[in-house]
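A.B. asks:
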Amino acid sequence: MQIPFAEQIVSVFQGNTDAFTWSIGLILFIWVVAILWTMKDIGARTHSVWIQILCILLVGIGTPVVGLPLYRLLRPTRYKWDRMWWRESLALQIVQCYACGSRNPLYHDHCVACGSELTTKCKECKHHYQVHYEYCPACGAPNVEE
Ligand SMILES: [Zn+2]
Ligand SMILES: [Zn+2]
Numbered sequence: 484m485q486i487p488f489a490e491q492i493v494s495v496f497q498g499n500t501d502a503f504t505w506s507i508g509l510i511l512f513i514w515v516v517a518i519l520w521t522m523k524d525i526g527a528r529t530h531s532v533w534i535q536i537l538c539i540l541l542v543g544i545g546t547p548v549v550g551l552p553l554y555r556l557l558r559p560t561r562y563k564w565d566r567m568w569w570r571e572s573l574a575l576q577i578v579q580c581y582a583c584g585s586r587n588p589l590y591h592d593h594c595v596a597c598g599s600e601l602t603t604k605c606k607e608c609k610h611h612y613q614v615h616y617e618y619c620p621a622c623g624a625p626n627v628e629e
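Residue 484 is where the sequence shown starts when you use the working numbering, and the numbers rise one by one after that.
#1: When the Cα atoms are used, what is the spatial distance from residue 501 to residue 515?
#2: Excluding the 5 residues preceding and the 5 following residue 547 in the sequence, name in chain order all residues of the same chain whose CB lies nearer than 7 Å to its CB.
#3: Can you find a heavy atom of ligand 2 that lies under 7 Å from the Cβ of residue 446?
#4: If I measure Cβ to Cβ from residue 589 and keep anything under 6 Å in the same chain, skipping five residues before and after, which residues do I get?
#5: When you measure from the CB of residue 611 to every non-hydrogen atom of ligand 2, does any distance come out below 7 Å?
#6: Which of the three DSSP states, helix, strand or coil, is assigned to residue 579?
#7: Name the DSSP bridge partner or partners of residue 593?
#8: What does the alpha-carbon distance come out to for the pair residue 489 and residue 504?
#9: Mark residue 580 as exposed unless 16 or more other C-beta atoms lie within 10 angstroms of its C-beta, in which case mark it buried.
#10: With distances taken Cα to Cα, identify the nearest neighbour of residue 621 among 592, 610, 519, 525.
#11: Shorter than 7 Å, the distance from the beta carbon of residue 597 to the closest heavy atom of ligand 1, or not?
#12: Assuming residue 535 contacts residue 525 (C-beta within less than 8 Å), just tell me the rounded distance between them.
What follows is the structure, given as structure tokens:
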């Protein structure tokens, strides 16, 4: 016998059909859960019904062992609400501190967590604006380090 423990495993199943039934039941359970999870996950990632059906078939036919890793490789990386305009609008209202990474409202001049300066002064018109801006929002002059 080349495979270690194979004889024992076979004898366990032969002597105990309950163990065999339980194993099949467990595999089916994992399979169904994998399909349900895929339905939920792909539904949150795309509006396209065809892509949804294809992905569910991939996991359903491909089994959780083969289909699930393939699905995770091929699925759209972003949730569909990440691409919504209001999400981007909200992001425009928040600025991340370059020193400590804390999030601050756009109107803060200093970070509430570490006190670092969040704004810079325009070299042309002296307008104050966020340090990560590429151009001055008041006059359009480029944000350049002195
Ligand atoms: Zn900070
Ligand atoms: Zn300016």
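Using N, Cα and C, we set each Cβ at its ideal position, and we do this for glycine too.
C.D. replies: By the coordinates alone:
#1: As a position in the sequence shown, residue 501 is number 18, starting the count at 1. As a position in the sequence shown, residue 515 is number 32, starting the count at 1. Their Cα atoms are separated by approximately 21 Å.
#2: Locating residue 547 in the sequence shown gives position 64, counting from the first residue. Excluding sequence neighbours, residue 547 sits near 513, 514, 517.
#3: Shown here, the chain extends from 484 to 629; a query on residue 446 therefore has no answer.
#4: Numbered from its first residue, the sequence shown carries residue 589 at position 106. Counting only Cβ-Cβ distances below 6 Å, and skipping sequence neighbours, we find 576, 578.
#5: Residue mapping note: residue 611 aligns to position 128 of the sequence shown, counting from 1. The answer is no for residue 611.
#6: Residue 579 sits at position 96 when you count from the first residue of the sequence shown. In the structure shown, residue 579 sits in a strand (DSSP, three-state: E or B).
#7: Position 110 of the sequence shown, counted from the start, is the residue given in the question as residue 593. Answer by DSSP bridge pairing, in chain order: 600.
#8: Position 6 of the sequence shown, counting from 1, holds the residue named residue 489. Position 21 of the sequence shown, counting from 1, holds the residue named residue 504. So the alpha carbons of these two residues sit roughly 18 Å apart.
#9: Indexing the sequence shown from 1 puts residue 580 at position 97. Burial call: buried.
#10: By one-based count along the sequence shown, residue 621 stands at place 138. Selected option, being the one with the closest Cα: 610.
#11: The residue you call residue 597 lines up with position 114 of the sequence shown. Indeed, a heavy atom of ligand 1 lies less than 7 Å from the Cβ.
#12: Numbered from its first residue, the sequence shown carries residue 535 at position 52. Numbered from its first residue, the sequence shown carries residue 525 at position 42. Contact annotation, residue 535 with residue 525: C-beta distance approximately 5 Å; criterion of less than 8 Å satisfied.
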